[in-house]
Amino acid sequence: MHHPNIWKPFTILKDAPDPLRIEEGEGIWLTLEDGRRIIDCISSWWVTLHGHSQPEIGEAIYRQSQKLEHVIFANYSHRPAEELAERLTARLPGDLSRVFYSDNGSTAVEVALKTAWQYWKNIEKPRTRFIAFEGAYHGDTIGAMSVSSRSVFSEVFSELLFDVDFVPYPDTWLGDTTAEEREERVLNQLAEMLDSEPETYAGVIIEPLVQGTAGMRMCTPRFLKSLERLVRERDNLLIYDEVMTGFGRTGDWFASTRSGTEPDIICLSKGITGGFLPLSVTVCSSRIYDAFNSSDPMHTLWHGHSYTANPLGCAAALASFKLLEQDENAFLKLEEIHLREVAKLAETVEIERPRVTGTVAAFTLPVSGEGGYLNQVADRIKAVCTDYGLLLRPLGNEVYLMPPFCITEEELSDVYRQLAKLLTDLNMK
Ligand SMILES: *Cc1c(COP(=O)(O)O)cnc(C)c1O
2 MHHPNIWKPF TILKDAPDPL RIEEGEGIWL TLEDGRRIID CISSWWVTLH
52 GHSQPEIGEA IYRQSQKLEH VIFANYSHRP AEELAERLTA RLPGDLSRVF
102 YSDNGSTAVE VALKTAWQYW KNIEKPRTRF IAFEGAYHGD TIGAMSVSSR
152 SVFSEVFSEL LFDVDFVPYP DTWLGDTTAE EREERVLNQL AEMLDSEPET
202 YAGVIIEPLV QGTAGMRMCT PRFLKSLERL VRERDNLLIY DEVMTGFGRT
252 GDWFASTRSG TEPDIICLSK GITGGFLPLS VTVCSSRIYD AFNSSDPMHT
302 LWHGHSYTAN PLGCAAALAS FKLLEQDENA FLKLEEIHLR EVAKLAETVE
352 IERPRVTGTV AAFTLPVSGE GGYLNQVADR IKAVCTDYGL LLRPLGNEVY
402 LMPPFCITEE ELSDVYRQLA KLLTDLNMK
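For the sequence shown, the residue numbers in my numbering are 2 to 430.
1. Taking the alpha-carbon positions, what's the residue 206 to residue 13 distance?
2. Is the beta carbon of residue 243 less than 8 Å from the beta carbon of residue 268?
3. Specify, as a first and last residue, the run of the alpha helix (DSSP H) that residue 85 falls within.
4. On a CA-only basis, which of 338, 360, 368, 341 is nearest residue 352? Give me that one, please.
5. Strictly by DSSP, which residues pair up with residue 352?
6. Take the Cβ of residue 157 as the centre, count every other Cβ of all protein chains shown within 10 Å, and call the residue buried at 16 or more, exposed below.
7. Looking at ligand 1, does it come within less than 7 Å of residue 28, judged from the CB to the closest heavy atom?
8. Tell me, please, whether the region 216-235 touches the region 280-295 by the rule of three or more beta-carbon pairs shorter than 8 Å.
9. Rounded to the nearest angstrom, what separates residue 73 and residue 248 at their Cα positions?
10. May I ask you to report which of helix, strand or coil DSSP gives residue 47?
11. With 16 other CB atoms within 10 Å as the buried threshold, where does residue 327 fall?
12. Within a Cβ cutoff of 6 Å, which residues of the same chain sit near residue 135, ignoring the five residues on either side of it in sequence?
13. By Cβ distance below 8 Å, which residues in the same chain neighbour residue 374 in space, the five residues on each side in sequence not counted?
14. With DSSP run on the structure shown, which of helix, strand or coil describes residue 306?
15. Leaving out five residues before and five after residue 47 in sequence, what residues of the same chain have Cβ atoms less than 6 Å from its Cβ?
16. Sorry if obvious, but does the Cβ on residue 311 come closer than 7 Å to a heavy atom of ligand 1?
17. When you measure from the CB of residue 304 to every non-hydrogen atom of ligand 1, does any distance come out below 7 Å?
18. Based on Cα-Cα distance, which residue from 83, 65, 110 lies nearest to residue 281?
19. Just to confirm the assignment: which complete alpha helix (DSSP H) runs, minimum length 4, are found wholly within the region 320-351?
20. Using only alpha-carbon positions, find the residue among 304, 51, 200 that is nearest to residue 409.
21. Roughly how many angstroms separate the alpha carbons of residue 329 and residue 253, rounded to a whole number?
22. How close, in whole Å, do the beta carbons of residue 416 and residue 42 come, if the pair is a contact with beta carbons under 8 Å?
23. Please tell me whether residue 238 and residue 265 are closer than 8 Å, where the distance is taken between their beta carbons.
24. In whole angstroms, what separates the C-alpha of residue 175 from that of residue 356?
25. When the distance is taken between beta carbons, is residue 216 closer than 8 Å to residue 359?
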């Protein structure tokens, strides 16, 4: 039943299938109201790192709640926010040293865009445009939507969005031999844009290694290295939206560390508290911070949220951080299993463009026809996955797995077996 008082996100309201009520979560498992159990193959909304209801994080939140649940973060500070900032910056690459707190991925991106924009104003070289990538998804607030690929999500608001220049995302897959050439083309295009209008662009924003909402499209570390060099040589700003790729997802702490690259600004959110509480950070280099470190109110970043640096969120993030440090191999280990299982899957089911980065595996289902049918594939899978004991949410005809890191080798192999069965059965109908 649809609840009479709830308006669901990302849901075409009329005729939407009834949502399944979840009673409990433990580890990779979710228990439905009727007692059935399913494996969360996508870490909820890509946020759950150590499994559902992880006890240490729960306890850390409780302990913090009995000490200090919240305090205004303007003239006041607290240890959890300071300690988290210390730990984060110690793990982040290079000079990313100043942590700005907010509470979701979209606002982390808004802060990044506003910071980049104002940076150029503060140093008296104002810039007017951003460069982003085709297929990008950076969130649902107006600024984040503006730098996202235009889609049905943003169509209604098109007149409200600011203009952005988009370049292709050179996505690749296992066995692809065309990537390098496509990367070259994108880099040439970017170089031309930045060289022909050196005073126009305020920054380049990218989802490094994996474009999430676009359908888990993956690019090479080599491309990011070249991109970093290109932007740096032109003294422009590189913004990494690691809202989805942060905290182990790509097989290392961050896509930046995995690829050996370093942005000027990084946005982190989804996995930051292990999936327990909303929290996000935008971390920038000292070069950027220094441009704001002034007594001039016009040089101040006038931005903040009521729940900025919420102590409970910070405590959850610290507990999650500790768990990640205890088992850094967990995320790389999943990559090996994915690689093996995806290859096996390709032997029994017809799939295209198989691809794996860290804990994320994806492939394309071959479909005839276009949009409507694509959605139909996703809807058909969503409608039956519970019967196979799985929580799946394909993006059009892109099917992906990104389980919590606590999944065992055996469990993940089981997921692939069930997925193969589901896809085979669907094809027969
Ligand atoms: C989910 C996501 C966002 C938006 O985060 P919210 O917390 O949903 O606002 C931004 N960027 C990327 C890459 C994301 O995956």
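Cβ coordinates follow ideal geometry from the N, Cα and C atoms, glycine included.
Checking against the coordinates, here is how it stands:
1. Each residue's Cα considered, the two are about 30 Å apart.
2. Cβ atoms of residue 243 and residue 268: closer than 8 Å.
3. Element bounds for residue 85: 80-92.
4. If you compare the alpha carbons of 338, 360, 368, 341 with that of residue 352, the shortest gap goes to 368.
5. Its beta-bridge partners do not exist; DSSP assigns none.
6. With a 10 Å radius around the Cβ and a threshold of 16 neighbouring Cβ atoms, residue 157 comes out exposed.
7. For ligand 1, not one heavy atom lies less than 7 Å from the Cβ of residue 28.
8. Contact fails: fewer than three Cβ-Cβ distances are below 8 Å.
9. Taking the straight line from one Cα to the other gives about 27 Å.
10. In the three-state DSSP reduction, residue 47 falls in the helix class (H, G or I).
11. Around the CB of residue 327, fewer than 16 other CB atoms lie within 10 Å, so the residue is classed as exposed.
12. Cβ neighbours of residue 135 beyond the five flanking positions: 150, 167, 169, 170.
13. Note that residue 374 scores 45 on pLDDT, short of 50, meaning its location in the model is unreliable; the coordinates nonetheless yield the value given after this. If we look at residue 374 and ignore the five residues flanking it on each side, its Cβ neighbours are 368.
14. The answer is coil: DSSP assigns residue 306 none of H, G, I, E or B.
15. Within the same chain, 245, 271 come within 6 Å of residue 47 by CB-CB distance, once the 5 residues on both sides are set aside.
16. Checking the Cβ of residue 311 against ligand 1 gives no.
17. Every heavy atom of ligand 1 is 7 Å or more from the Cβ of residue 304, so no.
18. It is 110 whose Cα lies nearest to the Cα of residue 281.
19. Residue ranges of uninterrupted alpha helix (DSSP H) with 4 or more members, entirely inside the region 320-351 and ordered along the chain, are 330-349.
20. Among 304, 51, 200, the Cα nearest to that of residue 409 belongs to 51.
21. Residue 329 and residue 253 have their C-alpha atoms roughly 8 Å apart.
22. With 8 Å as the limit, residue 416 and residue 42 qualify as a contact, their Cβ atoms being about 6 Å apart.
23. Yes, Cβ-Cβ distance for residue 238 and residue 265 is below 8 Å.
24. Their backbone Cα atoms lie some 5 Å apart in a straight line.
25. Not in contact: residue 359 and residue 216 (Cβ atoms no closer than 8 Å).
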